[in-house]
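Worksheet for the structure shown next.
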Amino acid sequence: MFRKILVANRSEIAVRILRACREMGITSATVYSDVDRDALHVRYADEAYYVGPSPARESYLNIERIIETAKKAGCEAIHPGYGFLAENAEFAARCQEEGIVFIGPPKEAIVAMGSKTVARRTARAAGAPVIPGTLEPLSDEEIVTKAREIGYPVMLKAVSGGGGKGMRLVENESEMASAIRMARSEAKSAFNDDSLYLEKYIENPRHVEMQILVDKEGRGVYLGERECSIQRRHQKVIEESPSVLMTEGLRREMGEVALKVARAAGYYSAGTVEFLMDANRRFYFLEVNTRLQVEHPVTEMVTGVDIVKEMIRIAAGGDLSISQDDVQMRGHAIECRIYAEDPFNNFLPSPGTIIGMRLPDGPGVRVDRGVFEGAVVPMEYDPIIGKLIVWGRDRVEAVERARRALSEFVIKGIKTTIPFHVRVMENPLFLSGDFDTTFIDTVFKKMEGERVPRLMDIALGTVAVHKYLEDVAPKTASPVQVHAESPWRLYGRKLQLRTGLW
Amino acid sequence: MFRKILVANRSEIAVRILRACREMGITSATVYSDVDRDALHVRYADEAYYVGPSPARESYLNIERIIETAKKAGCEAIHPGYGFLAENAEFAARCQEEGIVFIGPPKEAIVAMGSKTVARRTARAAGAPVIPGTLEPLSDEEIVTKAREIGYPVMLKAVSGGGGKGMRLVENESEMASAIRMARSEAKSAFNDDSLYLEKYIENPRHVEMQILVDKEGRGVYLGERECSIQRRHQKVIEESPSVLMTEGLRREMGEVALKVARAAGYYSAGTVEFLMDANRRFYFLEVNTRLQVEHPVTEMVTGVDIVKEMIRIAAGGDLSISQDDVQMRGHAIECRIYAEDPFNNFLPSPGTIIGMRLPDGPGVRVDRGVFEGAVVPMEYDPIIGKLIVWGRDRVEAVERARRALSEFVIKGIKTTIPFHVRVMENPLFLSGDFDTTFIDTVFKKMEGERVPRLMDIALGTVAVHKYLEDVAPKTASPVQVHAESPWRLYGRKLQLRTGLW
Amino acid sequence: MTYIATIEGISEEHRVEVIPVGDDKFRVIINGNQELLLDVRRHGCCVYSVLKDGQSYELDVDGGGDGEYSVLVGGEHFHINIMDEMKKKLLSILGEAAGVATGEVTTAMPGMVVRVLVQEGEKVEKDQPLVILEAMKMENEFKAPCDGVVKSVKVKEGETVEANAVLVVIEPAG
Amino acid sequence: MTYIATIEGISEEHRVEVIPVGDDKFRVIINGNQELLLDVRRHGCCVYSVLKDGQSYELDVDGGGDGEYSVLVGGEHFHINIMDEMKKKLLSILGEAAGVATGEVTTAMPGMVVRVLVQEGEKVEKDQPLVILEAMKMENEFKAPCDGVVKSVKVKEGETVEANAVLVVIEPAG
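Residue numbers (this note's numbering), protein chains in the order written: chain A, 1 to 502; chain B, 1001 to 1502; chain C, 2001 to 2174; chain D, 3001 to 3174.
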C-alpha cells in the first residue's frame, strides 16, 4: 500500500479522499491556490502545498506544478478526484513517466472514453446500444446538415465533455447558431477542446448509470445503478440508488454491458457507464466517466463498499476485495447536492462567505462537505459545496429522512439548493417516481411562486429581529441604523455593553 | 398511526425520538424543566411544554404533570426514552388509565423485569442460565451472610436497578458496610427503592446483550447482539455489534433464549436481554432492560432497522415489519458515548457551557446529540451529551472510521470522553478483541500518563495564541490581562477596533 | 416598539407592535388586531427558539444593514424589511421621487467578464447578446432588453464584477 | 513578542519568541535554539490552520484569563500558560510566598451537596467519609485526607457548589 498520496483537488471531494487516506493510515498531501489557503481540505490534509494563483488553469490544472509538488513531497500516488485533471490523459501519462501512480484508469482508457465519439464506437463494438447520432467531431456546417438528417430536437455535445459542460439541447434550426457558439466556448474553457458532435434527443429521457469497479487483473463487478434524472443545465442535482425503473434482470443486463464496455477499453479502477433510458425502459449507452463520480456515496450507502478505498487499493495493485456475489444492495439512498446557487433565480451562482452553518446528523444521514462556518466560497470553481446523502430501508423512508435532514440543514450568508431539495422531496411526481431529466424546467419552475409567508412568520420574524437588536446591537441605535457585517460582531458588541468590561 | 406523540425526555434521546416522529409525519411534543428551556429538544419538537423546576423529580419524573401535559396537548401516546420514567410501571399504568398509549412494554412486564429478582426467577423458569446469587431482596445482615456463602468477590445490585446505579463490586467483607450504604443511597435517589440483592461476581466478565423486537401479537425477532464491555462505574462507554466473541450458533441460541424470556414475561415493544459471558463463552442471564437502550444505534447500523420507529409502530398496534429471515447483519458498528466527564480524572462530571463544537461527518459516521454550540450542559441530569456511531464493512474498518471521526470531533468549554475514545481505538487489547468489563480500571488507567506534548505542540500553541491575541483581543492589552469569557466577544471586539465603527 | 415589516417580493405592509412583558416574553400585536404572546430565547449566536402556547419555532436572524433582515423559518429564507414608524414617515416623504433607470443591464451574480460583444454607440436588437459572464464554471449570456443603442459599457473582459453590478446601459430606441 | 509557555502538569518552561514576518507568517524561536517558519491563519472563530514547510496543523485556542489558554491540537487538549517576560519577572518576585493550605478538602467537579457526614470539632480518621456530592446522577464521597479534627465545614446539604470549592477543612492530628 502507498505510504503517501497527493490529493490534487479541492472542496468536498478532496476532503472525502483525505478522509479515506486518514482511515487507511496513509499520509495525505494536498494542493491549494491563492484563494484556497483557508479552504477545508488544506486544514484537513497532513500536508498542503501552494500550487499557484486562483484561476484553475494556473493552479489545479497546472500539470507540471502538481507533478513537481508530488515528487517534492514524496508522494507515491495522486488521486485527482473529479473535475480538474481527473479525466486528463496527458496528466495520467505524465504521472506514469515520473513513476507516480495515477489513482484512476490507464491513460489509454481515458483517451478512448474521454473522446465521446471514440467511446460511442467502442461501446457499439462491445455490443452496447447507442443513441442515433454522429461518431465523429463535426464542423458548424456539418452539424446543421446532420441535425436535419437526424431530425430535431437534437443534443449538441462536446467531444471531450463531462458534467454537462458544452452541452445544449437544440429544439430547432433557428437556435443552432447561438447553441454552437455557446457550446464551443464552454467546451473550450472547460476542456481546452471545442469540438462538438451530435445525438438524437431522446424524449422524456431518464439518466441511469452503472457503477463499476475493475482491478488491474481485469476482475470486475458492478455495484448497481444510480438514477440521476433530476438535473439543471444537464448537471445532476439529485441522485438515487436503486432507480425506481430498475428490475433485477435489467440491472444484470446493464451491469454486464457496462463491464463489457470497460473490458473493451482496457479499463481498470472505479468508473461509471452512463445510459439514457426511455419511457419503455430501452437503454442507450451515453458515455463512460473514467473517474470517481460526485454521486458515488449513494452506491456506498446501499452496497457498503467504500469506492474511494477500493480505487486506492486497485491503484496499488491490490485485488478487488469483492466478487459480484458479495455485492448486495440494501435499502435506498438519495443524494441532494448542495450547490452555492439560487434555486429561485435559475440556479445562478451564489459565491460568498458562509456566516452560519448547521449540519444535519442522526440516523441514516451522511454529509460530505468542503466548507465550514466562516468559509469563503470562491467564484473561481465549481459551485458544489457539499452533499447530503440519506439512507432508508426503502425509497419512502429515504425520502422521509431527506426531508427531516433538510429541515435541520442551515447555511447562512450565501444561497444554496437546500430549499430546492425541500420542494422536490414533497413533489408528488418525484415521490411516485414519475419524472425525467426535464423535471426542473417543467415541474420545479412552476413551484417557484409557492413561497407565500404566513402572517405567523412575520410575527416570528419581527419578534426575533427585536430580540436580535436587543441582544446583540447597541440599545441606543434605531434598528435601521445598524450596519451589520457579522452577527459575531454584534454579539461581541452586546456583551461588551452588558459586562461593561471595555 | 398516532397523530401526535409526547416525548417525555431530554437531550440526545429526546432528539432521536423527535427525529423519528418528524420522519414518520407525526406531530411531536416534548417537555422541559427550568434549566432546559434552551435545550435542543425544546427547539426541535413541534411543541414544548414546561413541566417544573430543574430537579428531575419535580419535572421529568413528575408523573401527574406529564400525564396532564400529554392530555392538554392532545397526545395519543408517550415515548419515555431511557432513564426517567422509561421503566416506571406506575407511569405506564397511569398512561393506560388515561387512555394514552405508553410506547414501551405492558406495565406487567415492566414490573416483572424491573424487579431484578423477579426477572431472575422468570428467566430461570424460561430455561435461561442465571448467575449464582439470591432471588430476593436482602437486609444488610442477610447480605453479609449470603456473601460469605457465595464467596467473594460479589456484586451488590439494586433490585430496581439499571444503568449501573446502586451497583457495587465488593472484593471482601471489610468493604461491605460502606458499599451497602452507597448502593442503597444511590438506588434510593435513582429509583426510590433502596432494596438490594447479591450475585456471584463473574471474573473477566464480558457484557453481551441481545436486542429484541416483539409486537402485541407476540411475533418477535432478535436483531443480533451488542457487546458493551467497556464500562466505567458499571456504565457502558463503548458498544459494538457484532461481538468479537460471537458465532452464528451462539447468536441463535442467545437470541432464542432472549425471546423465550420475553414471552414468559408477556413482553412486547423493543427490549434488551443482557447477559454476562465468561472467558469460555458461557453466558448467564443478567437482566432485561424494558426500554430503548442508549446503544440501540449500533444495531440500527448493522441491521438497517429503525428501532425507534418499530417501537412506535408496535405501540400503535401494528405488526412487526420484519421476520427473523429479514434480519441480516451487515458489517460492524461501534458506538462511542460522549459524556460530559473528564476521562483523565476518574470520569468526574464536567457540566458547563459548550463554547465551541465541530461534529464529524462523511462516510459511515452517525452522530446523535442533545447539544449545540452555545448550549449549557446542566449538572442536574445524566452526563451523556451525544454519541458517535460508526459503521465499517468489518471491525477493522469500523475502528479506522472511529479514529478518523474522533479526530474531527471537537467540543470546547467542557471536558468530554472524546480523548478517552481516541486512546481505546488505538489500544492493542481493544483492537485484538481481548478485553472485559475491567478494561478501564486495569488498562486505561495506565494510559493516562501518556499525554506528553511535543515541543512542536508548544510552538504551534504559542503562535496560535499570539495570532488569537492579535486577531481578537485589543492590541494594547498584555496577553495576561485579557479576561475572556467567550471567543465571540473577543472576536467582536477585534472587528470593532479594526472597522472603527463603534 | 412598533415596526413596519414587509417581506421581499410582497408589497403588503404589516404593522407589528412588540411589547416586552419580562422573562423573555413578548406581546406581539399584528396590524392592530391579532395578538400573540411569545417566549423568545437566543441559542448560541443568532438562532432563536420561540414558544407560542407550546408551539415551538426555530428561527435564524442575520443582517441588519438599512433595516433589512434575513430570517430563516421552517426552511424558508425571507427578507424582512423592518423600520420604526419615524423612519417610515421620513421615507414616505422622500419616496417615489427616485425613478427606475431603464435600459440598465445588471447581473444578479458576481462573476468574471469573459466576453464583451458590443461597443459604445453600437445599435442593438432585443435579445442580442451583450456580455458573457462566468462564475463557478457557468457562463451566463446577458442580452439586450429591447432594441436600442449602447449608451455605455461598464465592464471590460477579464474584469471581476460584484452581484448587482451594471454591465451595459442601453438607450431604448424610439 | 517573547512568551514563557508552560504546559499543565509539566513544570518545564519554554521560552518562545514569535516574530511576525508579514503575510500571516511568523518566525518562531523556541528556547533560543530551534527556529520554525509558520504560516498561521484563523478559520471562522478561533480555529487555526498552521502550515510549516507543507505540514498542515489544525488548532483550537480558547480562554485567556490570566494568561491561561486552552489549546487543542491533534485531539489533545493542553493548557498552556503564556506570559510575557515582564509579567514573568514580577511573578518570580511575588512567587513562592503563598504556601499551600493543608487539610482543605476540595472538589474537582461542581455538584449538589447530598450529605454532610461530619460536624465542626469532630475527630476524624483518615479515609473517613466527610461529604457526599452529586452531579449528573453520580454520587461522589469525599474522605478525610488524614487523621485530624474538623476545623470547619464550608457547605450544607442541598447546596450547590462550584468546581474547586472547599468542602471541609481538616486540622491534621499531631
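The beta-carbon is built from N, C-alpha and C at its ideal position, and this holds for glycine as well. These numbers come from a predicted model, not from an experiment.
In the three-state DSSP reduction, Glu-175 (chain A) falls in the helix class (H, G or I). Residue-level contact check: Phe-2026 (chain C) touches chain A, since one or more beta carbons of chain A fall below 8 Å from its beta carbon. The shortest C-alpha to C-alpha distance from Ala-1190 (chain B) to any of B:Leu-1292, B:Arg-1226, B:Met-1311, B:Ala-1056 is the one to B:Ala-1056. Residues of the region 1355-1374 of chain B with a C-beta atom less than 7 Å from some C-beta of chain C are Phe-1372, Glu-1373, Gly-1374, listed in chain order. For the pair of segments examined, the region 371-381 of chain A was found not to touch the region 389-409 of chain A: the number of CB pairs separated by less than 8 Å stays below three.
About 5 Å separates the CB atoms of Glu-1087 (chain B) and Thr-1290 (chain B); that is less than 8 Å, so the two are in contact. Around the C-beta of Gly-317 (chain A), fewer than 16 other C-beta atoms lie within 10 Å, and the residue is accordingly described as exposed. Contact between the region 2154-2167 of chain C and the region 1430-1437 of chain B is absent, with fewer than three C-beta pairs closer than 8 Å. Between Ser-1033 (chain B) and the set B:Lys-1004, B:Thr-1069, B:Gly-1074, the nearest pair of CA atoms involves B:Thr-1069. Taking a beta-carbon distance threshold of 8 Å, Leu-3051 (chain D) does not count as an interface residue toward chain B.
The alpha-carbon separation between Pro-351 (chain A) and Val-377 (chain A) amounts to approximately 5 Å. Under the three-state reduction of DSSP output, Arg-1219 (chain B) falls in the coil class, being neither helix nor strand.
Here DSSP, grouped into helix, strand and coil, assigns Ser-1189 (chain B) to helix. Closest in C-alpha terms to Tyr-1222 (chain B), from the list B:Glu-1199, B:Asn-1204, B:Lys-1260, B:Val-1396, comes B:Lys-1260. Between Pro-1363 (chain B) and Glu-300 (chain A), the CB-CB gap stays under 8 Å.
Rounded to the nearest angstrom, the gap between the Cα atoms of Gln-3055 (chain D) and Glu-3013 (chain D) is 25 Å.
Of all residues in the region 3055-3075 of chain D, those with a C-beta nearer than 9 Å to a C-beta of chain A are Gln-3055, Ser-3056, Tyr-3057, Glu-3058, reading in chain order. Within the region 1027-1103 of chain B, the complete beta strand (DSSP E) segments of 3 residues or longer fall at 1027-1033, 1047-1052, 1077-1079, listed in chain order. By the neighbour-count criterion, in which 16 or more other beta carbons inside 10 Å mark a residue as buried, Val-3047 (chain D) falls on the buried side. Secondary structure note for His-1421 (chain B): its alpha helix (DSSP H) is the uninterrupted segment 1418-1424.
For the C-beta of Val-1042 (chain B), the chain C residues within less than 8 Å are, from N- to C-terminus, Ser-2049, Leu-2051, Ser-2056. Shown here, Arg-1313 (chain B) sits in a helix according to DSSP, grouped into three states. CA-CA distance, Leu-213 (chain A) to Cys-21 (chain A), rounds to 19 Å. Between the C-alpha atoms of Ala-1109 (chain B) and Arg-1403 (chain B) there is a straight-line separation of about 40 Å.
Within the region 293-307 of chain A, Pro-297, Glu-300, Gly-304, Val-305, Asp-306 place their CB atoms closer than 8 Å to a CB of chain B, listed in sequence order.
The straight-line gap separating the alpha-carbon atoms of Val-2071 (chain C) and Asp-2039 (chain C) is approximately 18 Å.
Where Leu-359 (chain A) is concerned, there is no enclosing beta strand (DSSP E), because DSSP gives it neither an H nor an E. Rounded to whole angstroms, the gap between the alpha carbons of Gln-1235 (chain B) and Phe-439 (chain A) is 52 Å. For Ser-229 (chain A) against Ser-160 (chain A), the beta-carbon gap comes to about 24 Å, at or over 8 Å, which does not count as contact. Chain order gives the chain C residues near Asp-1038 (chain B) as Arg-2041, His-2043, Ser-2049, where near means a beta carbon separation below 8 Å. The CB of Glu-12 (chain A) never comes closer than 8 Å to any CB in chain C; the least such distance is about 14 Å.
Its chain contains Pro-137, Leu-138, Ile-143, Leu-156, Lys-157, Ala-158, Val-159, Gly-166, Ile-180, Ala-183, Arg-184, Ala-187 as the residues whose beta carbon lies nearer than 8 Å to that of Leu-196 (chain A), once the 5 sequence neighbours on both sides are disregarded; these appear in chain order. Contact annotation, Pro-1080 (chain B) with Asn-1009 (chain B): C-beta distance approximately 6 Å; criterion of less than 8 Å satisfied.
In this structure, Thr-3107 (chain D) lies near Ala-3163 (chain D), with their beta-carbon atoms less than 8 Å apart. Annotation: Gly-3121 (chain D) to Val-3168 (chain D) spans about 11 Å, alpha carbon to alpha carbon.
For Phe-444 (chain A), the secondary structure class from DSSP, reduced to helix, strand or coil, is helix.
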